[in-house]
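Participant: Here it is, the structure in full.
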Amino acid sequence: MIDYTTLNHTDDGMPTWDSFLPIALQVASTKTSWSSLKLKDQILDQVDLPAELRDQTYENGRNVVTQRVSFALSALKNAGLLESPQRSHYQITKLGRQMLDTYGMGMNKMVVQQLPQFIHHQKQVESDYEQAKEQQVQQDQPLTQPKQFSEETVADWFSEQKGQMKARLLERMSKINHYRFEHLIVSLFEAMGYKGENGKAVVTSRAKDKGIDGILSQDPLGLQKVYIQVKHYSASDVVEQHYIFEFNSAMQVHHASRGIFVTTSSFSSGAISSAERLGIVLVDGDKLTDLMLRYRIGVNERRHFELYDLDPEFFANFEDDNDV
């Protein structure tokens, strides 16, 4: 049983759709074929989700967490990791098993969205939309919009847009040399406040880093330091366990107790378990781009939308006592 609090989640504690990617792939691998309904139920049974979250629904009555699992299954299918041998059924593909063996629970949407079949699918969707748009223009008709417009569709659209921007960030960072990328990472942690009010953040000399790429001194005297290791990898290159051990050894030379290991790719299951045991914080490509968006590193906000609910407690203060 997976502790739901360890998964990526929204502010209300609900796991995000992409947190179900590795769980869905692992469950799918245990049988030759699954009906859609049974597969979704089995995926949810792997997570100790409290009843108030598991039963949460959108305004249209659809179950929130089930919809997020459905979104994960759709992404896996679009990437070629799952396939549908018949309507409303799923089975894992050869590529799906290979990716599961490689990434395990470290599978994330950055890995999925950079697979060739997923990219091809996205381009096809965009192409189909543009063709439909062109046909409507030629016929002097407005482009048909979806009839259903709800908070659910907005949330799904926003999640898709965010995923595309995260992929673009990773693609852009892949063009930066390793040393400049180290500066980018240190700048991110500065923006997050790790430098402290009077501390400093430095990138170590390339010739003398000895396994340490950056140091955050959180006070003027440098008594509180955080050490950083960076691996500027492509999405297909997984950071293996031995790199965690090497970073830990480098930290011991400096008598350090706090370290952050950053990569643009992902970590193997062995690397994740070793880092947890050694107290090293891991930041993979998915989490890295999340942080860059949150702290506006390398991006500018284009538009901002807010949804509102009435505040009944506020209006209760203005009710006539006779109405109570």
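Heads up, the numbering used here is the position in the sequence shown plus 892, with the first residue counted as 1. Just so it is clear, CB atoms sit at the ideal spot from N, CA and C, and this is done for glycine as well.
Is any heavy atom in the ligand GTP found nearer than 6 Å to the beta carbon of E1018?
Facilitator: Because no ligand of any kind appears in the structure shown, any question about the ligand GTP cannot be addressed here.
Participant: State yes or no: is the C-beta of I894 within less than 7 Å of the C-beta of V939?
Facilitator: For this step, residue 894 is matched to residue 2 along the sequence shown. For this step, residue 939 is matched to residue 47 along the sequence shown. For I894 and V939, yes; Cβs fall inside 7 Å.
Participant: Apply the 10 Å Cβ neighbour rule to G1177 and answer buried if 16 or more other Cβ atoms are within range, or exposed otherwise.
Facilitator: Position 285 of the sequence shown holds residue 1177. Result: buried.
Participant: Specify, as a first and last residue, the run of the beta strand (DSSP E) that H1070 falls within.
Facilitator: Here residue 1070 refers to the residue found at position 178 when the sequence shown is read from its first residue. From DSSP, H1070 is part of no beta strand (DSSP E) but of the alpha helix (DSSP H) over H1070 to A1083.
Participant: Between the beta-carbon of K1092 and the beta-carbon of S1109, is there less than 7 Å?
Facilitator: One-based indexing of the sequence shown puts residue 1092 at position 200. One-based indexing of the sequence shown puts residue 1109 at position 217. Closer than 7 Å, so yes.
Participant: Would H1124 and T1156 qualify as a contact pair, given that the criterion is a beta-carbon distance under 7 Å?
Facilitator: For the purposes of this step, residue 1124 is identified with residue 232 of the sequence shown, where counting begins at 1. For the purposes of this step, residue 1156 is identified with residue 264 of the sequence shown, where counting begins at 1. Yes, they are a contact pair.
Participant: Determine contact between the stretch 952-971 and the stretch 906-917, defined as no fewer than three beta-carbon pairs at a distance below 8 Å.
Facilitator: The stretch 952-971 is in contact with the stretch 906-917.
Participant: What residues in its chain sit with their C-beta under 6 Å from that of L1174, if we drop five residues either side in the sequence?
Facilitator: Translated into positions along the sequence shown, residue 1174 becomes position 282. F1153, F1159 and A1167.
Participant: Thinking C-alpha only, which one of A920, F1050 and F1137 is nearest Q1121?
Facilitator: Taking the sequence shown and counting its residues from 1, one reaches residue 1121 at position 229. Looking at the Cα atoms, F1137 is the closest of the given residues.
Participant: V1131 and G1106: beta carbons closer than 7 Å?
Facilitator: To locate residue 1131, count along the sequence shown from 1; it is residue 239. To locate residue 1106, count along the sequence shown from 1; it is residue 214. Against a cut-off of 7 Å, the Cβ pair of G1106 and V1131 comes out as no contact.
Participant: Is there contact between the stretch 920-937 and the stretch 966-982, where contact requires at least three CB pairs shorter than 8 Å?
Facilitator: In short, these stretches touch, since the Cβ pair count reaches three.
Participant: Which of the three DSSP states is assigned to Y1135 in this structure?
Facilitator: Here residue 1135 corresponds to residue number 243 of the sequence shown, with the count starting at 1. Residue state, collapsed to three classes: helix.
Participant: Straight-line CA distance for I984 to A1148?
Facilitator: Position 92 of the sequence shown, counted from the start, is the residue given in the question as residue 984. Position 256 of the sequence shown, counted from the start, is the residue given in the question as residue 1148. The straight-line gap from Cα to Cα measures roughly 44 Å.
Participant: For the stretch 1013-1020 against the stretch 994-1002, are there 3 or more C-beta pairs whose distance is under 8 Å?
Facilitator: In short, these stretches do not touch, since the Cβ pair count stays below three.
Participant: Among E1074, D947, M1084 and L941, which one has its Cα closest to the Cα of G1103?
Facilitator: Here residue 1103 refers to the residue found at position 211 when the sequence shown is read from its first residue. With distances taken between Cα atoms, G1103 lies closest to E1074.
Participant: Helix, strand or coil for V1191, going by three-state DSSP, please let me know.
Facilitator: As a position in the sequence shown, residue 1191 is number 299, starting the count at 1. Correct three-state label for V1191: coil.
Participant: By the DSSP assignment, the beta strand (DSSP E) with Q880 in it spans what residues?
Facilitator: What is shown of the chain runs 893 to 1216, which leaves residue 880 out entirely.
Participant: Per DSSP, what kind of secondary structure is P942 in: helix, strand or coil?
Facilitator: For the purposes of this step, residue 942 is taken as residue 50 along the sequence shown, with counting starting at 1. Here P942 sits in coil by DSSP.
Participant: Using CA coordinates, which residue listed in G1171, I1164, R1072 and I1068 is at the minimum distance from Y1119?
Facilitator: Position 227 of the sequence shown holds residue 1119. Closest by alpha carbon: G1171.
Participant: Consult DSSP for T902 and reduce its assignment to one of helix, strand or coil.
Facilitator: Taking the first residue of the sequence shown as position 1, residue 902 is located at position 10. Correct three-state label for T902: coil.
Participant: Rounded to whole angstroms, what is the Cα-Cα separation between L913 and F1207?
Facilitator: Reading the sequence shown from its first residue, position 21 is the one you call residue 913. Reading the sequence shown from its first residue, position 315 is the one you call residue 1207. Taking the straight line joining both Cα atoms gives about 43 Å.
Participant: In the DSSP assignment, find the unbroken beta strand (DSSP E) run with I1152 in it and report its ends.
Facilitator: Locating residue 1152 in the sequence shown gives position 260, counting from the first residue. Note, I1152: beta strand (DSSP E), G1151 to T1155.
Participant: By DSSP, does A1167 sit in helix, in strand, or in coil?
Facilitator: Here residue 1167 is taken as the residue at index 275 of the sequence shown, counted from 1. In the structure shown, A1167 sits in a helix (DSSP, three-state: H, G or I).
Participant: Quick check on A1093: does DSSP put it in helix, strand or coil?
Facilitator: On the sequence shown, residue 1093 is found 201 positions in, with the first residue counted as 1. DSSP places A1093 in strand when its eight states are reduced to three.
Participant: Does the distance from the CB of Q1009 to the CB of G972 come in under 7 Å?
Facilitator: Indexing the sequence shown from 1 puts residue 1009 at position 117. Indexing the sequence shown from 1 puts residue 972 at position 80. Cβ distance < 7 Å, so Q1009 and G972 count as in contact.
Participant: Pull the bridge partners of E975 from the DSSP assignment, please.
Facilitator: On the sequence shown, position 83 is the one that residue 975 refers to. E975 pairs with Q983.
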